[in-house]
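Student: As given, the protein sequences belong to chains L, X and Z, one line each in that order.
The opening position of the first sequence corresponds to residue 1 in the numbering used here, with each subsequent residue numbered one higher.
The opening position of the second sequence corresponds to residue 128 in the numbering used here, with each subsequent residue numbered one higher.
The opening position of the third sequence corresponds to residue 226 in the numbering used here, with each subsequent residue numbered one higher.
Structure below; questions to follow.
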Amino acid sequence: MKSKFIMSLLWSVILIGGISAIYAQGTVKDEHPELSPEEKMMTCRGCHKEATPEIYNEWYNSRHGIDNVRCFQCHGTFSDFHKTPPISKCAACHAKEVMNLHVPENSPNKTCWSCHPVHTFRVHKGK
Amino acid sequence: MPIGGFVVNTKPEDIEGVVEFLKSFPEVEIYSHDEKGNIIVVIETELSDHMDELVDTIKQDERILAVSVAYLYYEDEVEKIEKGEYIPERFRQKKRRN
Amino acid sequence: MGITRREFIKTTAALTAASMVGLKLPKELDAQGMPEVDKWVRGTCRFCGVGCRVEMGIKNGKPVAIRGVPNAKTNFGFLCMKGMLFYKFMNHPDRLKKPLYRKKKTEPFKEISWDKALDIAANEFAKAIKKYGPNSVAYYGSGQALTEETYLFQKIFRGGLRTNNVEGNPRLCMASAVGGYITSFGADEPMGAYEDIEKALTFFIIGSNMAEAHPVLFRRIMNRKLNNPDIVKVINADPRVSPTSRIADLHLQFKPGTDLALLNAMAYVIIKENWYNKDFVKNYVSFRIGKEKKEVTFDDYVKHLENYTPEKAAKICGGNITPDKIKLAAKWFATSGRTMSFWTMGLNQRTRGVWANNLVNNLHILTGQLGIPGADSFSLTGQPNACGGVREGGGLCHILPAHRPVVNDKLRHEVERLWGIPEGRIPPKPGYHTIAMFQAINDGKIKAIWIHTTSPAQSLPNADKYRHGLARDDVFVVVTDIFPTKTTELANLILPSAFLFEKTGVYGCSERRSQLTLKAVDPPPEAKPELWIAVEWAKRLSKKLKDPIIYKVVEPFDGKEPGFELPKAVWSEYAGKLTKGRDNDLSGATYEVLMKRPDGVQWPAPTQEIALKGGTPKKFVRGIDPIATRLAKGNEKYVFYGEAHKDHKLWIWLRPYKGAAEEPDAEYPFYLSTGRVIDQWHTSSMTGRIPELLQSAPYAYVEINPKDAMRLGIKPNDIVEIETRRGKVHIPAKIVEGPMEGMVFVYWYDMDEDRMINRVTKDAFDPGSKQPEFKICAARIRKYSGPKPLKPFIVRMKKTRKGWVHVDKFNIKEFQKK
């Protein structure tokens, strides 16, 4: 009898977990891969220039890169890290655009990078 | 700490008073309400039993017509329940009914 | 700022419940939308001179978010990393919360009541005045204080205490620009505005790293260039390759200080090639030379420029300067038709800063690139309120509010009349300028000083010399600030102040635009807005000195509600009475008008109608500038009504090349220059308390050219000893194609004693503007050790059994002995 209830409990959890997953989209924070204290003292871009050179170059040659909008402004730091940032972070500078995304015509999970490729943020994907 | 989303129903003229009443419970967070008398609240308690008790207490207020559950999330309780450390009252009752 | 797991689940719970009854939750609660707040309050960013407009999101009485204002003409909604994050330190545990006092500077501080604190402050100043006279007291204010604060403090000191010892840290950053504008144009501050950027065709960025120091304005230039890569030209003139150089078509790299030769050479080419605007020069220009401002002819000017042919100048400049580069720069500058120049500390922080400013202004005057869309000679202001508060509000020892020179009897008496105080109250001579003021402290001539919202112990050149004065026990030092700093370490009395958004007030940014910030939250209990502090202090001074005029000076503000009514009353007096009829007329920009604008009002704005539309984007142009329109006699395009030029002309100054005060020699072969990074503001007392920014810039670096590094055997992160005639510091190395060979560049924000670069810079200053030459002195460098694990350092205070003490390796007792 006990197991039956644990089963129904688990199903509720899975169901609710499923609903949560639809909304998830990276709004819950992530863990940055483990680093030593010395490595943590580097700037994000200082390390990622070597660690993820393609992404670094995409960013460096973008308007964000030239105007010194840096990694942590979107991705947070170790205590508050998001691989895919919630777009509330974009709202600090792009408030109008973020609010315009939330109209009924758009699908509920539309983000900036649905159209603007990440890091380079050129006008439209493929352009 | 289980988290629950509820709709509290009251008559339109009682909205202000009921909101004040709900504010007196530290576990209750009021999100919004409309003019029809629907109040959206989220309740967070230590254990499910506490939540059930709290909802019962709230229902006692005669201005409140109904408290409807929309969403329940058991969080860390799940682990405890699996281990057999804790069984919320509502499940025990259900068991008996079966 | 992403939400935690728990918050996310709660939001989902609420959304589910809401959807059950068809209720739409406010947009702010979308799991992917904006942060949830109770209200958004509009104001200005706390940092640089761009003047970005922001809205602070408040929830439960606490700041939780910031966003830009999309229709503000300064930033159009954009922010830099500092503007984005500054709400985070408002409730930092290090916030000063109680008045702290100690009689001797070697003792710990004791918490005291405001009543007692104000009494002590009044007592000490009264004592000094009674014994040593009014000029034994001084006020050192800031380009980060509100306009209302600077105005009220200087009113108290000048009209009340009868001393012109009123100075501010803009003396260290903008004084040369002020001098340059007044001598070139007859009046202070740029003619044009930021909106010229979107119409300019050539950008001449000299002595500025806009990409890090004015990032949101740089964004507009970057876009202008990247959207029109072929027709827009960018010239970057800087001995150092900086992030700003990334968009430059031409980078002019010259030995520090030789830009005077370069600029003269550009003028030579412009005239030689007939690229100058003959009509403009004929109608609007006078040529001047020397202290006596002797008028000379165009031909004299041409003859003077013979000393600066491109070939001669290239020899002087060294670096990568060739005659061809000079000719190209001159061509792009002169023939674009719309050239905008931008500069800051590279030109201002020099012993010949005024001359450097004149020479850039000269180029614009010569080519008539002023007064038309897309063309301007634009001095970037460093601080958020150096213009509005200090330059306009009367915060320098030689100028009264609204650009009235102290020495002008007629204007000085006019101020006395407007203040309703007897004629003769304001002394007829200027007070001590900043370096002289701190020297006077060293010499025992100043006995009491009020330091407001700035940290001279770290920001003065040759800092140790002046810290000795401030550390004296016979000098009473009172500091108003929000956090402990290197300067509170030398104080007797520390008064906790309210931060921006915890009080209401105006900031005036680089483009003559005054903007209002509304109070959004309460300051920490017992921290007070400075206007209230000043009024209460003045009341007590009035009693102690038995001088009713001191009270008269603050009477209109006594008892006013400090959150809004008090600053409003002070602004009404300053803008409504003192600026009325002057060139920086802001009488149309009442608080009501300022609150209606998304951004603010550019002066002159003599009526509310003009102010509501935003004010004047271009000075001196008939039809755009209401004063020019009023003064125009016929159909002339411009009226250059600057008060300092009775002939209503723009002046081209014949200035020679003169080097820096202390140039490299055999003993000290390197140029030492200092500057900023985007992550840290000034002394890092605020931005250093934001974890993201501290991690991004934890301590100072010395930028060394790779060739020099190789020669000296210095590798990245090695600890380098930098020694000048004034001392030595030890700073980790960054090997970068940044400074030119023979030059090193150090960030000055670090509070660590061993890395505080201003301890070794030189306090030589421009004889005209009195601004120090932070940008050039002579140093020698050597590898001190290999890389070491370094810790960032921010001054804190901690409560011990004996009282509050600063936690710092700097020890005042030992320092006093030195």
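Backbone N, C-alpha and C define an ideal beta-carbon position, used for all residues, glycine too.
Given the structure is predicted, the values throughout are model-derived calculations rather than measurements.
By Cβ distance below 7 Å, which residues in the same chain neighbour Val-262 of chain Z in space, the five residues on each side in sequence not counted?
Tutor: Contacts found: Glu-253, Gly-282, Ile-283, Lys-284, Val-289 and Ala-290.
Student: Give me, in chain order, the residues of the same chain whose beta-carbon lies closer than 6 Å to that of Arg-465 of chain Z; leave out the 5 immediate sequence neighbours on both sides.
Tutor: Within the same chain, Arg-465 of chain Z has close Cβ partners Gly-963, Pro-964 and Phe-970.
Student: Applying a beta-carbon distance threshold of less than 8 Å, which residues of chain Z neighbour Phe-121 of chain L?
Tutor: Within 8 Å Cβ-Cβ: nothing; Phe-121 of chain L doesn't reach chain Z, min ~13 Å.
Student: Check whether chain X comes within 7 Å of Ala-243 of chain Z, counting only Cβ atoms and requiring the distance to be less than that.
Tutor: Yes, its Cβ sits closer than 7 Å to a Cβ of chain X.
Student: Would you call the segment 1004 to 1012 of chain Z and the segment 892 to 907 of chain Z touching, i.e. three or more CB-CB distances under 8 Å?
Tutor: Enough Cβ pairs lie closer than 8 Å, so yes.
Student: State yes or no: is the C-beta of Lys-1013 of chain Z nearer than 6 Å to some heavy atom of the ligand MG?
Tutor: As far as ligands go, the structure on display features none, and thus does not contain the ligand MG.
Student: Please list the terminal residues of the continuous beta strand (DSSP E) segment that includes Cys-1002 of chain Z.
Tutor: Run containing Cys-1002 of chain Z: 1002 to 1010, per the beta strand (DSSP E) assignment.
Student: State buried or exposed for Pro-829 of chain Z, treating a residue as buried only when at least 16 other CB atoms are found within 10 Å of its CB.
Tutor: Its Cβ being crowded by 16 or more others within 10 Å, Pro-829 of chain Z is buried.
Student: Which two residues bound the contiguous alpha helix (DSSP H) that contains Tyr-576 of chain Z?
Tutor: This sequence places Thr at residue 576 of chain Z; Tyr is not what is there. Looking at the DSSP string, Thr-576 of chain Z is not in any alpha helix (DSSP H), and its letter there is neither H nor E.
Student: Between the segment 405 to 418 of chain Z and the segment 640 to 650 of chain Z, do at least 3 Cβ pairs fall closer than 8 Å?
Tutor: Short answer: they don't touch.
Student: Anything in chain L within Cβ reach of Met-911 of chain Z, meaning under 7 Å, just list it in chain order.
Tutor: Under the 7 Å cutoff, chain L gives no residues; its nearest Cβ is about 17 Å from Met-911 of chain Z.
Student: Does the beta carbon of Lys-284 of chain Z sit closer than 7 Å to a beta carbon anywhere in chain X?
Tutor: Chain X, which has no Cβ nearer than 7 Å to the Cβ of Lys-284 of chain Z, makes this no.
Student: Are Gly-393 of chain Z and Gly-366 of chain Z closer than 7 Å when you measure CB to CB?
Tutor: Yes.
Student: Write down every uninterrupted run of the alpha helix (DSSP H) in the segment 520 to 546 of chain Z whose length is 4 residues or greater and which is fully enclosed by it, in chain order.
Tutor: List check, alpha helix (DSSP H) in window: 523 to 530 and 535 to 542.
Student: Can you tell which of Z:Ile-947, Z:Ala-869 and Z:Gly-913 has its C-alpha closest to the C-alpha of Lys-518 of chain Z?
Tutor: That would be Z:Ala-869, whose Cα lies nearest to the Cα of Lys-518 of chain Z.
Student: So, at 8 Å on beta carbons, what are the nonlocal neighbours of Met-820 of chain Z in its own chain, with the 5 sequence-adjacent residues on each side left out?
Tutor: Taken in chain order, the residues that qualify are Leu-741 and Leu-743.
Student: Let me make sure I understand the geometry here. Which of Z:Ser-604, Z:Ile-774, Z:Phe-708 and Z:Asn-587 has the alpha-carbon closest to that of Glu-641 of chain Z?
Tutor: The shortest Cα separation from Glu-641 of chain Z among Z:Ser-604, Z:Ile-774, Z:Phe-708 and Z:Asn-587 belongs to Z:Ile-774.
Student: Using a C-beta to C-beta distance shorter than 8 Å, which residues of chain A count as neighbours of Phe-133 of chain X?
Tutor: Structure shown: chain A not included; protein chains present are L, X and Z.
Student: Assign Ala-193 of chain X to buried or exposed, taking buried as 16 or more other Cβ atoms, counted over all protein chains shown, within 10 Å of its Cβ.
Tutor: Exposed, by the Cβ-count rule.
Student: At which residue ranges does the segment 589 to 646 of chain Z contain complete beta strand (DSSP E) runs of 3 or more residues, listed in the order of the chain?
Tutor: You should have 601 to 604.
Student: Express the C-alpha separation of Thr-375 of chain Z and Asn-809 of chain Z in angstroms, rounding to a whole number.
Tutor: If you take the alpha carbons of Asn-809 of chain Z and Thr-375 of chain Z, they lie about 16 Å apart.
Student: Kindly identify the DSSP beta-bridge partner or partners of Leu-741 of chain Z.
Tutor: In the DSSP output, where bridge partners are listed per residue, Leu-741 of chain Z has Z:Val-731.
Student: Roughly how many whole angstroms lie between the Cα atoms of Val-506 of chain Z and Gly-515 of chain Z?
Tutor: For Val-506 of chain Z and Gly-515 of chain Z, the distance between alpha carbons rounds to 20 Å.
Student: When burial is assigned at 16 or more other CB atoms within 10 Å of the CB, is His-317 of chain Z buried or exposed?
Tutor: Exposed, since its Cβ has fewer than 16 Cβ neighbours within 10 Å.
Student: Count the other C-beta atoms from every protein chain shown that fall within 10 angstroms of the C-beta of Asn-68 of chain L, then say buried if there are 16 or more, exposed otherwise.
Tutor: The residue is buried, with at least 16 neighbouring Cβ atoms inside 10 Å.
Student: Could you name the residues of the same chain whose beta carbon sits closer than 6 Å to that of Gly-18 of chain L, not counting the 5 residues immediately before and after it, in chain order?
Tutor: Low per-residue confidence applies at Gly-18 of chain L: pLDDT is 41, beneath 50, and the placement is therefore not dependable, though the value from the model is reported in the following sentence. So no residue of the chain qualifies.
Student: If Ser-566 of chain Z sits next to Ile-431 of chain Z, beta carbons under 8 Å apart, how far is it from one beta carbon to the other, in whole angstroms?
Tutor: About 7 Å; that satisfies the 8 Å criterion.
Student: Output yes if chain X places a C-beta closer than 7 Å to the C-beta of Ala-238 of chain Z; else output no.
Tutor: Yes, contact with chain X.
Student: From which residue to which residue does the beta strand (DSSP E) around Ala-197 of chain X run?
Tutor: Here the beta strand (DSSP E) through Ala-197 of chain X covers 191 to 200.
Student: From the DSSP output, in three-state form, read off Lys-874 of chain Z for me.
Tutor: It is coil, neither helix nor strand.
Student: By the criterion of Cβ-Cβ separation under 7 Å, what are the contact partners of Thr-52 of chain L in chain Z?
Tutor: Correct list: empty, because the minimum Cβ distance to chain Z is about 18 Å.
Student: May I have the straight-line CA-CA distance separating Leu-181 of chain X from Phe-148 of chain X, to the nearest angstrom?
Tutor: When rounded, the distance between both Cα atoms is 13 Å.
Student: If Thr-388 of chain Z and Asn-360 of chain Z are in contact, beta carbons under 8 Å, what's the gap, nearest whole angstrom?
Tutor: Contact holds; Cβ gap of about 5 Å.
Student: Distance cutoff 7 Å, beta carbons only. Does Ala-436 of chain Z sit that close to anything in chain L?
Tutor: Closer than 7 Å to some Cβ of chain L, the Cβ of Ala-436 of chain Z qualifies, so yes.
Student: Output needed in chain order: residues of the segment 453 to 472 of chain Z with a Cβ under 7 Å from some Cβ in chain L.
Tutor: Within the segment 453 to 472 of chain Z, the qualifying residues are Pro-468, Arg-471 and Ile-472.
Student: So what does DSSP say about Glu-817 of chain Z, is it helix, strand or coil?
Tutor: DSSP places Glu-817 of chain Z in helix when its eight states are reduced to three.
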